[in-house]
Each structure stands twice: as structure tokens, then as C-alpha cells.
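A.B. asks:
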Amino acid sequence: MLKLFLWLRYLRKKKIVFLSIAAVAVSVSLLVVVASLFTGFINAFERAAVEAIGDVVLYPPMRFAEYPLLIERLEQTETVEAATAMTLVPGLLHLGAGTGNVRPVEIWGIEPGRRAKVTGFKRFLLEQKDAPGEPTFDTPGAGEKTAGFVGIGVLGEPDEKTDEYDPAIAEEMIGTQVVLTTGTASQTEQGDAARPQFNRRVVPFTIADILHTGVHQFDEGCVYLPIEKLNRTLYPDDESPTAGQILIKLAGETETDVALAVIGGIWRSFVQDQLESDPYLLQYTKIDTAKELQRPYVAAYRKQMGILLLIFGVVSIGVILLIFCIFYMIVRLKQKDIAIIKSCGATSRSVAFVFVGFGACVGAAGSGVGAVLGYVITKNVNTIEDWIRVIFGLKLWRSSVYFFTKIPNEMDWLWTGRIVFLAIIAAAIGTLIPAIVAALTKPVETLRYE
Amino acid sequence: MYKIIIPTRYLVKRRITYFAVMAVALCVFIVLVVMTVMTGLVTDFKQKNHRFAGDCVVGTKSLVGFAYYEDFVQWLEGADFVEGVSPVIKSPALIRRRSSERNSRVEIMGVDPVRHSRATGFGDTLYYHKDDVSKAFRPAYDPNLPGCILGIDLELQRGARSTYAYQASPAQVGYSISCLPLTAKGALAQAGTDVIDTKTFHYSDNSHSGLPRVDGSIVYVPFEQAQQLCMAGSEKRASAIHIRFQPDITPEEGCRRVAALWQRFRREKAGAALAYLLENVTVQSWKGYRRESIAPMEQEQTVMGVMFGLVAITTVFIVLVVFYMIISHKSKDIGILKSIGVSDFDVIELFSGFAFLVGILGSSIGLSAGWVFLVKINRIEDWLFERFGFQLWDRTIYAIGDIPNRVEPEVLVAIFLSAVAACLAGALLPSWQAARQRPAETLQVNQL
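The listed protein sequences derive, respectively, from chains L and W.
Using our numbering, the first residue of the first sequence is number 1, and each one after it goes up by one.
Using our numbering, the first residue of the second sequence is number 451, and each one after it goes up by one.
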């Protein structure tokens with residue numbers, strides 16, 4: 001009770017204590033914001049990969065035939081919820097005669113219905129996201145014409161100031177015919193004199209829908225065509241459908257290791273049964289989770305986050321010094337109070353605890369305020385960034401630099417907990433020496449009349 | 451004299467002052483290290499961009515390019531402020547290694563290596579032909595074959611120490627490069643035919659500009675060949691002209707003169723058949739040309755500076771608290787000084803001098819420690835990498851060589867002055883309170 005009374009009294013009488021609370025709050029909020037933004041970015045990075053390519057990717061060193069059979073076998077297992085095939089080739093997109101507007105793109109041959117089951121594909125389509133049923137390339141009145149989807153950034157640049165695309169302008173392009181040029185290589189002769197020949201393939205297609213994933217790489221450079229049409233164009237001599245990769249969505253609670261083992265087993269038996277045990281396919285096919293593919297980058301981002309937190313953590317040592325100075329001052333000014341308490345029978349330990357406990361309370365209050373402040377900043381970081389742009393004309397976040405159109409604003413509660421805990425400990429450490437000085441106070445000397 | 455003796459005495463005798471000095475030193479140390487590394491990275495990145503682009507670029511974003519470039523090149527070569535001029539062709543392309551089935555997206559850049567090296571730092575980025583750039587497109591294994599220079603990351607893998615495993619001579623590899631030739635109207639040339647304009651080039655050298663997006667996507671081919679591949683039609687066109695100015699001409703001044711020259715050139719060509727292609731041509735300094743790459747780094751540097759500024763406020767508070775404490779304990783000293791005629795302003799000056807001492811001492815310690823740390827930072831990182839496999843930046847992902855550790859005098863002076871200013875700001879309020887103390891009150895018998 002006495003301790004609480006003294007804490008409240010010091011808090012009321014010594015307004016400078018609020019300064020230490022403010023300092024703790026500023027440091028904690030800064031660290032919370034840094035940790036949350038980094039973690040949010042890393043999570044968004046991993047999520048973007050899963051949304052783009054599913055949970056697991058099977059990518060052989062070359063395209064293979066009879067993929068519908070492989071998908072069927074995969075989907076018969078309990079580990080796989082859905083699977084889809086895709087072909088990936090580079091190409092050049094000509095957006096209209098007379099404009100000279102040619103863009104290098106990645107052409108993804110896909111099965112839109114299946115893909116929507118494996119990835120978050122459908123919700124990124126501007127026209128079909130709210131439509132019932134599976135997404136489709138079929139457009140009313142298109143007939144036999146080829147239709148495709150394009151990334152929103154393929155059609156135009158984002159606004160210079162806001163870095164946002166105008167969906168209305170992009171939607172105007174729906175129904176427009178564009179021309180895609182790609183090709184395959186072939187050998188003109190056999191043996192040493194073999195010369196590569198690039199066979200140009202031109203695919204005119206109608207834009208059926210537009211994808212806005214929020215991930216710069218996909219928005220800016222991807223074109224999606226029906227896999228059968230693309231393969232027929234690229235490889236007209238193929239007798240059966242071929243695919244370059246298989247994307248897989250795992251069933252609910254499946255463990256990754258188990259799933260990889262099952263998928264590996266099915267792939268091997270498929271190659272043995274259908275592809276004449278092609279040793280090249282057996283040996284060099286990779287089966288990885290989407291997260292595993294991102295691992296080197298995620299590790300680098302985590303390291304950057306650790307280093308930044310360390311730097312700001314070291315700078316925050318200044319806060320410990322500040323708390324030390326404030327408490328030392330209180331102890332020096334309140335020596336008579338301490339001496340009276342001790343003369344009433346309080347032990348040195350309990351006197352020390354008055355100050356250490358008070359320090360911890362300052363740390364708790366400061367870090368509580370800091371955590372709330374950090375939460376508010378993190379959740380509103382996009383608004384803050386927008387205000388900085390409006391007031392100072394400084395566009396801090398661009399999707400072309402940081403991948404995403406919006407700053408990921410998730411709170412990292414684990415790191416917040418760690419930071420709050422460390423702040424309380426640090427505040428208590430800051431009061432340690434003043435507490436010892438207080439505990440060593442001798443009432444006889446301090447309360448002497450002369 | 452007392453204005454020197456008293457602060458010095460407080461500094462030595464009042465141990466609490468050490469904490470203020472320590473706080474200042476700590477803050478200065480961190481700010482120096484972080485800002486030096488950050489400034490070094492930004493400066494290095496800017497230099498690489500400057501080296502890549504030259505001083506000025508006259509060009510268009512349209513893949514159609516612009517005509518009459520040869521005439522303008524002549525104008526530029528006749529100007530006394532221009533040292534080097536290099537027209538270039540730029541276009542997206544598909545590239546395929548001869549032994550591979552896979553195509554990749556790249557950007558081809560058609561250059562004349564000698565001219566381009568005169569206008570930019572291109573020659574210095576080469577590995578095998580650094581000393582004789584005129585032979586850059588001649589593969590060592592057969593000089594008669596058409597050569598190409600690959601951005602280094604297209605050919606070699608960057609190692610953990612940001613190094614590449616170069617071979618004694620370039621590997622004998624052919625690359626087939628396919629482009630979309632566009633007419634001056636922007637239409638696809640040869641539409642309807644089955645064979646695209648494809649040509650096989652042979653790896654003759656690699657270019658290491660130090661810019662990841664450049665080194666991972668650009669393939670340099672001879673100017674004329676690129677023109678054939680990308681620009682259909684009888685009228686020759688180019689995508690851009692890179693320019694280097696004489697050493698005594700600043701890029702800003704040079705760009706201003708080039709812009710004026712370009713306006714005159716456009717007026718002269720106003721009646722020409724392809725004059726419309728000149729409308730979208732811009733004159734940009736190297737900074738403007740590479741703005742999309744440079745601006746984010748500069749912004750990050752600014753944000754870092756602001757964040758450290760926020761954290762450094764703590765140091766101001768520490769100084770404030772320490773001074774508040776000292777002044778509250780030294781009210782008798784202040785009373786005596788004022789009773790012998792020292793003015794309020796002198797008291798403020800006295801404590802400001804003390805704050806100045808704290809600032810100088812703290813920032814000197816911080817700067818010295820920071821300097822020593824920076825000098826050894828690469829050795830420390832090497833040691834950490836050898837022992838624990840730890841690197842500040844994973845060099846296989848980030849195109850960074852050594853950690854920049856060159857302390858810029860401006861950064862040093864700015865940090866030093868900021869630290870001293872922070873101390874003076876922190877001491878201002880306590881000093882003001884000290885100055886307002888009345889000797890008649892502080893020297894009362896019951897206060898002694």
C-alpha cells in the first residue's frame with residue numbers, strides 16, 4: 001500500500017516521470033512499427049506466392065505429356081485438394097497498331113477453372129470476381145476467337161503521384177484485340193552444323209478480363225491464355241496435351257513433408273507408367289512448396305528486420321539512461337522521504353523495490369502507450385503514407401519497388417509482446433542503481449538536525 | 451574565467467554528467483555508422499547509375515525510336531561542351547542459349563562499344579575487353595563471329611562474397627536473340643510470315659555495371675545489328691543518345707545546353723516526314739533518366755534520417771534531466787554567482803557552455819568509436835561470416851560488394867553539429883530556470 005502511495009505521489013509531484021513514460025512509448029512504438037511492417041511484408045510476400053502458384057509446385061526440367069492423367073491421380077489422394085497445369089513462356093505483347101506499344105510479358109497458359117481452385121485467382125479478376133461459377137475465358141459473342149486475361153499494369157502505367165491504377169481505363173480495354181508474339185526453337189539441321197531456328201508464333205486474342213493482384217510483378221508483366229490454345233500454337237506437332245508445371249493445393253490439415261512425399265511418389269509412378277520412365281524427368285523434377293521457393297528472400301528480409309531492430313534497440317538504450325537519470329534525481333531529492341521510511345522499519349530491500357517497481361510500472365505504462373501507438377500507426381500506415389504524399393509530395397511506397405500496391409499493415413503481436421516485455425525489463429534495469437542508492441541511505445545521517 | 455572553470459569542474463566532479471556524455475556518444479555512434487553505410491550505398495548506387503547513363507540522355511520511351519538521330523549526333527559532336535556521344539537502340543527481346551529449349555525475356559541494347567565507352571562508363575564494366583573496347587564484340591574463340599556482351603548476372607552466378615567465377619576467356623556459347631521489328635508507324639514489320647528477326651550472337655564478354663536490374667536483363671549487341679533487328683524501314687532510327695560533357699561542364703548546365711540545341715534541331719526538322727517521332731523525345735540528366743531507381747533509395751535514406759532524428763530526441767531529454775538535476779543541486783553556486791553581479795544571461799551562457807562541453811565530448815567519443823568501427827566493419831563482417839556464416843547482406847541476393855565505410859566529411863560535420871545543438875537545446879530550459887533563481891531566496895539561512 002505504501003509503495004503504491006509513493007508511486008502515485010511521485011507520479012503526481014514529479015512530472016518529469018512522464019518524460020520517461022513518453023520516451024519508452026516512442027521507442028516501443030518505433031520498434032513495434034518496424035517489426036510489424038517487416039513481418040507484414042514477409043507474410044504478404046509468402047502469401048502472394050501461395051496465391052499465385054498454390055501450396056506446392058511440381059516443375060520438371062521440360063514439358064511433359066498426359067498431364068490430365070497426373071492431375072486426376074493427384075486429386076484422388078487425400079493430401080491434394082486440387083491441382084492444375086500451366087505452361088510458361090516469354091513473349092512480346094503488341095497493344096495496338098500505330099502506337100509502337102510493345103511490352104515484354106510472361107505468357108501463362110492456364111486452366112482458369114482449376115486454377116481458381118488452387119490459387120486466389122478469381123478474386124483478382126476485375127469483371128468475373130463477383131460472377132457465379134468458375135472464371136472462364138469465354139466471352140459473349142467471341143465465338144471461336146481466342147480470349148485471354150492481362151495484368152492491369154500491362155495496359156498502362158499507374159498514376160505517377162498516387163501509384164494507383166485506374167480500373168476504369170483498364171476496363172475500357174476489355175474486348176480489345178491485341179497481338180501476342182512468342183515462339184519456339186527448333187533445329188534446322190542435325191549434328192555439328194545444327195543451327196537454332198526461332199519459329200515465330202503470333203497469337204491474336206481478345207482481352208476477356210483484367211487481373212489486379214496487387215503484386216507488381218504479376219500485374220505488370222503477365223498475360224494469361226488457355227493452356228490448350230497456347231500449347232497448340234507453340235507445339236502444333238504434339239499429339240497429347242502437355243504442361244510445363246503442375247500447381248497443387250493441399251488438403252486442409254495435410255503436413256507438408258507428407259504431402260511432398262505423396263506427390264513425389266505419384267509423380268514417379270506417373271513417369272514410369274506414362275512417360276516411359278524418362279530418367280531426365282525422374283532425376284531433375286523439383287517438387288517444392290511455394291514458401292520454400294521464397295525462402296532465400298524471406299531469410300534476407302528477416303535478417304534486415306533483425307538488424308534494424310538491433311539498431312533501434314541499441315539507440316533505445318538512451319531511454320534506459322534517461323530513466324536512470326530521472327530516478328537518480330528523484331532519489332537524490334527524496335532522500336529525506338527514504339530515510340523516514342527506513343526509520344519506520346522498512347528494510348533496504350523494500351526501499352529498493354519501491355524504485356525498481358516504480359521503474360517497471362513506468363516501463364509498463366510507456367510500453368502500453370507505445371504498443372497502442374504502434375498499433376495505430378501500423379494499421380493506418382497507408383493513410384499516413386498518403387498524407388505524406390499530399391503534404392510533402394513524397395511518394396514513399398511504390399509497387400514497382402516494393403512489389404505490393406499497398407503497404408502490408410498487419411500487427412506482429414509476437415514481436416509486440418517481446419518488445420513490451422523487454423521495455424519493462426529495461427525500465428526496471430534503468431532504476432537499479434538509483435534503487436541501490438536509495439537502499440543504502442542511512443536515516444541517521446540524512447535526518448540529522450545539522 | 452569562471453565560465454570555463456565551473457563547467458569543467460561540473461564535468462569532472464558530477465558523475466551524472468557522464469551519463470549525458472554516454473547518451474550523446476551512443477547516439478552519435480549509431481547515427482554515424484548507419485548514415486555512413488546508408489550514404490555510401492546511395493552514393494555508390496548513384497555513381498553506378500551515372501556511369502551507366504552518362505551525363506545526359508536524349509531519348510524516347512517508345513519502342514519505335516526517333517529518326518534523324520545521326521544529324522543530331524553530328525550537332526552534338528560539333529558542340530564544344532560535349533566529350534562523347536553514343537546513339538543506342540533499346541528493345542525487349544527473347545533470348546535462348548543454343549543448347550537450351552527455354553527462352554527468356556531480356557532487353558537488348560545496341561551500342562557502338564567505342565562511342566558508348568566515351569559517353570558512359572561502359573568500357574569499365576567489361577571484363578575481357580576492358581583495355582580494348584573496340585574488340586568487345588569479337589569473341590576470343592572466333593573474332594569473325596558476331597559477338598554479344600551479356601549482363602553479368604545472365605551468365606555467371608554471384609558468389610557469397612559478391613564475386614563471380616570468371617573464366618580465363620569467355621565460354622564458347624551462342625545465343626539466339628529474337629526481336630519484334632517495328633515500322634516507323636509502330637506496326638509490326640513482316641506480319642504474317644513465320645520467321646521472326648532472329649540472329650545468333652556469340653558470347654564475347656560480360657558487363658558488370660553493379661546495377662542488378664541492368665546486369666540481370668541487358669544484352670549488348672552491335673548497334674547496326676540491333677537496328678536491323680528492331681527498327682524496320684528505310685529511315686534509320688535510334689532509341690536514345692547518351693552524352694558525356696567536358697569535365698568543366700556540370701550535368702545540369704550541359705543538359706540545359708543540350709535541351710536548347712534539341713529545340714533548335716526540332717524546329718529545323720519540323721517539315722520532315724518523320725518529324726512526329728521527335729515529339730516524344732526528352733532531354734534528361736542522368737539523374738532524371740534513372741529516377742525510378744535512384745528515388746526510392748534517396749527516400750529510404752531520408753526516412754532513416756527522420757527516424758533517427760526522432761530517436762535522438764531522447765538524448766535531448768537526457769541532457770535536460772541531467773542539467774535539471776545539476777542546477778537543482780547547485781542553486782547555492784548560482785546564488786553566490788548572482789550575488790557577486792553575474793547577470794542572468796551570463797548564467798545561461800555558463801550552463802550553455804557546460805552543455806557545449808558535454809556535446810563536444812560525447813560526440814567526439816561517438817565519432818571516434820564510430821570511425822574505428824567503420825574502418826573495421828568489413829573485417830568484422832568477414833570474421834562473422836567465417837565463424838558463423840553471418841553477413842549483413844546476403845551477397846547472393848543483394849548486389850553489394852564491401853560495406854561502404856568511407857566517412858563523408860559533410861556527414862561527420864552534420865552529426866557533430868546536430869549533437870552539440872541537441873545538447874544546447876536540452877540544456878536551454880534548465881539554464882533558463884537557473885538564470886531566474888533569486889540569490890536572496892537561494893542563499894537564505896534556512897536553505898543552506
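Note that the Cβ used here is the ideal one computed from N, Cα and C, for glycine as well.
Start and end of the beta strand (DSSP E) containing N656(W)?
C.D. replies: If you number the second sequence from 1, residue 656(W) lands on position 206. Where N656(W) is concerned, the enclosing beta strand (DSSP E) stretches over 647-657.
A.B. asks: Let me see if you follow: with CB-CB separation under 8 Å, is Y165(L) close to chain W or not?
C.D. replies: As a first step, residue 165(L) is located in the first sequence; it is residue number 165 there, counting from the start. So no, Y165(L) is outside the interface.
A.B. asks: For the alpha helix (DSSP H) holding T84(L), just list the boundary residues, first then last.
C.D. replies: If you number the first sequence from 1, residue 84(L) lands on position 84. From DSSP, T84(L) is part of no alpha helix (DSSP H) but of the beta strand (DSSP E) over 80-94.
A.B. asks: Residues of chain L with a CB under 7 Å from the CB of M681(W): which are they?
C.D. replies: Along the second sequence, one-based indexing puts residue 681(W) at 231. Those do not exist, as M681(W) stays about 11 Å from chain L at its closest Cβ, beyond 7 Å.
A.B. asks: Grab me the residues of D644(W)'s own chain with a C-beta within less than 7 Å of its C-beta, minus the 5 sequence neighbours each way, in chain order.
C.D. replies: Counting from one through the second sequence, the residue named residue 644(W) turns up at place 194. At D644(W), the pLDDT of 47 sits below 50, so the modelled position is not reliable and the matter cannot be decided from this model.
A.B. asks: Rounded C-beta distance between L874(W) and A762(W)? I'm assuming under 8 Å.
C.D. replies: Taking the first residue of the second sequence as position 1, residue 874(W) is located at position 424. Taking the first residue of the second sequence as position 1, residue 762(W) is located at position 312. Not quite, the Cβ-Cβ distance comes to about 14 Å (not below 8 Å), so this is no contact.
A.B. asks: Cβ of P563(W) within 8 Å of Cβ of S584(W)?
C.D. replies: Here residue 563(W) refers to the residue found at position 113 when the second sequence is read from its first residue. Here residue 584(W) refers to the residue found at position 134 when the second sequence is read from its first residue. Their beta carbons are under 8 Å apart, which means P563(W) touches S584(W) by this criterion.
A.B. asks: Got a sec: is the Cβ-Cβ distance from T467(W) to anything in chain L below 8 Å?
C.D. replies: As a working note, residue 467(W) is residue 17 in the second sequence. No - not a single Cβ of chain L is within 8 Å of the one on T467(W).
A.B. asks: Could you tell me which chain L residues have their CB closer than 8 Å to the CB of A877(W), listed as they occur along the chain?
C.D. replies: Indexing the second sequence from 1 puts residue 877(W) at position 427. Within 8 Å Cβ-Cβ: nothing; A877(W) doesn't reach chain L, min ~13 Å.
A.B. asks: Since E106(L) is in the beta strand (DSSP E), which residue starts that stretch and which ends it?
C.D. replies: Position 106 of the first sequence holds residue 106(L). Segment 102-110, the beta strand (DSSP E) holding E106(L).
A.B. asks: Is V583(W) near the ligand ZN - that is, is its Cβ less than 7 Å away from at least one heavy atom of it?
C.D. replies: Ligands displayed in this structure: none; no statement on the ligand ZN is therefore possible.
A.B. asks: In chain order, what residues of the same chain lie with their CB nearer than 7 Å to the CB of G191(L), ignoring the 5 residues before and after it?
C.D. replies: Taking the first residue of the first sequence as position 1, residue 191(L) is located at position 191. Low confidence applies here, because G191(L) scores a pLDDT of 47, under 50, leaving its location unreliable; read the following figure in that light. So the list is empty, once near-sequence residues are dropped.
A.B. asks: Buried or exposed, going by whether 16 or more other CB atoms sit within 10 Å of the CB of F5(L)?
C.D. replies: Position 5 of the first sequence, counted from the start, is the residue given in the question as residue 5(L). Exposed: under 16 other Cβ atoms inside 10 Å.
A.B. asks: Label A193(L) either buried or exposed according to how many other C-beta atoms from any shown protein chain fall within 10 Å of its C-beta, with 16 as the threshold for buried.
C.D. replies: For this step, residue 193(L) is matched to residue 193 along the first sequence. Bear in mind that a pLDDT of 47 at A193(L), under 50, signals an unreliable position, so the model cannot answer this.
A.B. asks: Under 8 Å, Cβ to Cβ, is there at least one residue of chain W near A193(L)?
C.D. replies: For the purposes of this step, residue 193(L) is taken as residue 193 along the first sequence, with counting starting at 1. Bear in mind that a pLDDT of 47 at A193(L), under 50, signals an unreliable position, so the number given afterwards is only what the model happens to contain. No, A193(L) does not count as interfacial toward chain W.
A.B. asks: Closer than 8 Å by beta-carbon distance: list the chain L residues that pair up with C477(W), in chain order.
C.D. replies: Sequence index remark: in the second sequence, residue 477(W) carries index 27 (1-based). Chain L residues near C477(W): V315, G318.
A.B. asks: Taking all protein chains shown into account, decide if P620(W) is buried (16 or more other Cβ within 10 angstroms of its Cβ) or exposed.
C.D. replies: As a first step, residue 620(W) is located in the second sequence; it is residue number 170 there, counting from the start. Buried is the call here.
A.B. asks: Quick check: the Cα distance between V483(W) and L30(L), rounded to an integer number of angstroms?
C.D. replies: Residue mapping note: residue 483(W) aligns to position 33 of the second sequence, counting from 1. Residue mapping note: residue 30(L) aligns to position 30 of the first sequence, counting from 1. Approximately 19 Å between the Cα atoms of the pair.
A.B. asks: Determine which residues share a DSSP beta bridge with P593(W) and list them.
C.D. replies: By one-based count along the second sequence, residue 593(W) stands at place 143. DSSP, once it has assigned bridges, lists no residue as partnering P593(W).
A.B. asks: Taking the DSSP output, what are the residues bridged to R555(W)?
C.D. replies: By one-based count along the second sequence, residue 555(W) stands at place 105. Bridge partners of R555(W): L544(W).
A.B. asks: State yes or no: is the beta carbon of G183(L) nearer than 8 Å to at least one beta carbon in chain W?
C.D. replies: By 1-based counting over the first sequence, the position of residue 183(L) is 183. Yes, contact with chain W.
A.B. asks: Take F866(W) and list the residues in its own chain whose beta-carbon comes closer than 7 Å to its own, dropping the five residues that flank it on each side.
C.D. replies: For this step, residue 866(W) is matched to residue 416 along the second sequence. The answer, listed in chain order, is S813, L817.
A.B. asks: Tell me, please, whether the CB atom of R555(W) is closer than 8 Å to any CB atom in chain L?
C.D. replies: Here residue 555(W) corresponds to residue number 105 of the second sequence, with the count starting at 1. Chain L, which has a Cβ nearer than 8 Å to the Cβ of R555(W), makes this yes.
A.B. asks: Quick one, which of I433(L), V369(L), A364(L), K334(L) has its alpha-carbon nearest K13(L)'s?
C.D. replies: Walking along the first sequence from the start, residue 13(L) turns up at place 13. The shortest Cα separation from K13(L) among I433(L), V369(L), A364(L), K334(L) belongs to K334(L).
A.B. asks: Would you call the CB atoms of L281(L) and F64(L) closer than 8 Å?
C.D. replies: By 1-based counting over the first sequence, the position of residue 281(L) is 281. By 1-based counting over the first sequence, the position of residue 64(L) is 64. Yes, the Cβ-Cβ distance between L281(L) and F64(L) is below 8 Å.
A.B. asks: Identify every run of the alpha helix (DSSP H) within the segment 691-755 of chain W, keeping only runs that are complete inside it and at least 4 residues long; order them along the chain.
C.D. replies: Taking only runs of at least 4 residues, the alpha helix (DSSP H) segments lying wholly in the segment 691-755 of chain W are 701-718, 736-739.
A.B. asks: Which stretch, first to last residue, makes up the beta strand (DSSP E) that contains T378(L)?
C.D. replies: As a working mapping, residue 378(L) is identified with position 378 in the first sequence. No beta strand (DSSP E) holds T378(L); the alpha helix (DSSP H) holding it covers 348-379.
A.B. asks: If you run the structure through DSSP and keep just helix, strand and coil, what is G156(L)?
C.D. replies: The residue labelled residue 156(L) in the question sits at position 156 within the first sequence. In this structure, G156(L) counts as coil in the three-state DSSP scheme.
A.B. asks: Determine the direct distance from the alpha carbon of S549(W) to that of I391(L), and round the result to whole angstroms.
C.D. replies: As a working mapping, residue 391(L) is identified with position 391 in the first sequence. As a working mapping, residue 549(W) is identified with position 99 in the second sequence. I391(L) and S549(W): Cα-Cα distance of roughly 55 Å.
A.B. asks: On the three-state DSSP scale, how would you describe P236(L)?
C.D. replies: Within the first sequence, numbered from 1, the residue matching residue 236(L) stands at position 236. P236(L) falls in the coil class under three-state DSSP.
A.B. asks: By Cβ distance below 8 Å, which residues in the same chain neighbour S743(W) in space, the five residues on each side in sequence not counted?
C.D. replies: Taking the second sequence and counting its residues from 1, the one referred to as residue 743(W) is at position 293. So the qualifying residues of the chain are F495, N499, L661, R663.
A.B. asks: Measure the C-alpha to C-alpha separation of E189(L) and S626(W) and round it to an integer number of angstroms.
C.D. replies: Looking up residue 189(L) in the first sequence gives position 189. Looking up residue 626(W) in the second sequence gives position 176. With a pLDDT of 49 at E189(L), under the threshold of 50, the modelled position of this residue cannot be trusted, and the question is left open.
A.B. asks: Report yes if the CB atom of G148(L) is closer than 8 Å to the CB atom of A85(L), and no otherwise.
C.D. replies: For the purposes of this step, residue 148(L) is taken as residue 148 along the first sequence, with counting starting at 1. For the purposes of this step, residue 85(L) is taken as residue 85 along the first sequence, with counting starting at 1. No, the Cβ-Cβ distance between G148(L) and A85(L) is not below 8 Å.
A.B. asks: Is Y59(L) close to chain W, meaning its C-beta is less than 8 Å from at least one C-beta of that chain?
C.D. replies: Along the first sequence, read from residue 1 onward, the residue named residue 59(L) stands at position 59. No, Y59(L) does not count as interfacial toward chain W.
A.B. asks: Along the chain, where does the beta strand (DSSP E) containing F149(L) start, and where does it finish?
C.D. replies: Residue mapping note: residue 149(L) aligns to position 149 of the first sequence, counting from 1. Unbroken beta strand (DSSP E) run through F149(L): 147-151.
A.B. asks: In whole angstroms, what separates the C-alpha of R114(L) from that of T570(W)?
C.D. replies: Here residue 114(L) is taken as the residue at index 114 of the first sequence, counted from 1. Here residue 570(W) is taken as the residue at index 120 of the second sequence, counted from 1. Distance between the alpha carbons of R114(L) and T570(W): 51 Å.
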